[in-house]
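Novice:
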Amino acid sequence: LRAAILIPWAIPTIVAAKLWGWMLNDQYGVVNHVLLMSGAINEPVAWIANPAIAYWTVIIADVWKETPYMTLLILAGLQMLPRDCFEAARIDGAGLWTILTRITLPLIWPALIVAVTFRALDALRVFDVIYVLTSNNKRVMSMSMFARRELIDFQLAGYGSAAATLLFLTIAAMTIMFLTATRSSTVGRPS
Numbered sequence: 004l005r006a007a008i009l010i011p012w013a014i015p016t017i018v019a020a021k022l023w024g025w026m027l028n029d030q031y032g033v034v035n036h037v038l039l040m041s042g043a044i045n046e047p048v049a050w051i052a053n054p055a056i057a058y059w060t061v062i063i064a065d066v067w068k069e070t071p072y073m074t075l076l077i078l079a080g081l082q083m084l085p086r087d088c089f090e091a092a093r094i095d096g097a098g099l100w101t102i103l104t105r106i107t108l109p110l111i112w113p114a115l116i117v118a119v120t121f122r123a124l125d126a127l128r129v130f131d132v133i134y135v136l137t138s139n140n141k142r143v144m145s146m147s148m149f150a151r152r153e154l155i156d157f158q159l160a161g162y163g164s165a166a167a168t169l170l171f172l173t174i175a176a177m178t179i180m181f182l183t184a185t186r187s188s189t190v191g192r193p194s
């Protein structure tokens, strides 16, 4: 079962984006077909062509692709937790909520911070899912896509370089912020 959960993450991103594009096609996509047959919609929805919907479609496709990796990181953190703490808490009469909030979450906090950091950085630099699903839709564009468009399509090296530099500085600032949060959340805790 664990291997099956990792399949979306193991599929190359371009392939996954193409699959989402086929499933969400407004003329022959399986999503529209199922929704039409169930009566949830009256006419096909342009999931990718409509900029307001395309934004959320890209988010759903990206979350579907990357969630298994986050799950794997959190599972690794959960498997490293010492069992004796949980047994002692149960013997002392702690309930499930108390065990979750007082033992599990504080012990898994560093793994959660790592998972959130990786996901945030990945979301900031996303390019391939958006490019394959929406091509050059200006309303659904990441900073990476903007930098590429300015550098390659418009031959504006200054704007493209500035966008890439801004993206780098944003990622560096977020990384420092998450590392500081991790360090300060573990300082003073008994090991």
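Numbering-wise, the sequence shown is residues 4 to 194 according to our numbering.
Idealized CB from N, CA, C, for every residue including glycine.
1) Would you say the region 118-126 touches the region 85-105, given that touching needs at least three Cβ pairs under 8 Å?
2) Sorted by chain position, which residues of the same chain lie with C-beta nearer than 6 Å to residue 193's C-beta, five sequence neighbours on each side aside?
3) Contact between the region 141-159 and the region 56-75 is defined here as three or more beta-carbon pairs at a separation below 8 Å; is this criterion met?
4) Taking all protein chains shown into account, decide if residue 95 is buried (16 or more other Cβ within 10 angstroms of its Cβ) or exposed.
5) Check each candidate in 126, 149, 76 and name the one with the smallest Cα separation from residue 63.
6) Output the distance between the C-alpha atoms of residue 33 and residue 24, rounded to the nearest integer angstrom.
7) Among the candidates 182, 133, 111, whose CA atom is the shortest distance from the CA of residue 52?
8) Sort 184, 152, 71, 84 by Cα distance to residue 13 and report the nearest one.
Specialist: Once the coordinates are examined:
1) Note that the region 118-126 does not touch the region 85-105; fewer than 3 beta-carbon pairs, one per stretch, sit closer than 8 Å.
2) Confidence at residue 193 is low in this model, with a pLDDT of 48, below 50, so the placement of that residue is unreliable and no value is reported for it.
3) yes
4) exposed
5) 126
6) 10 Å
7) 133
8) 71
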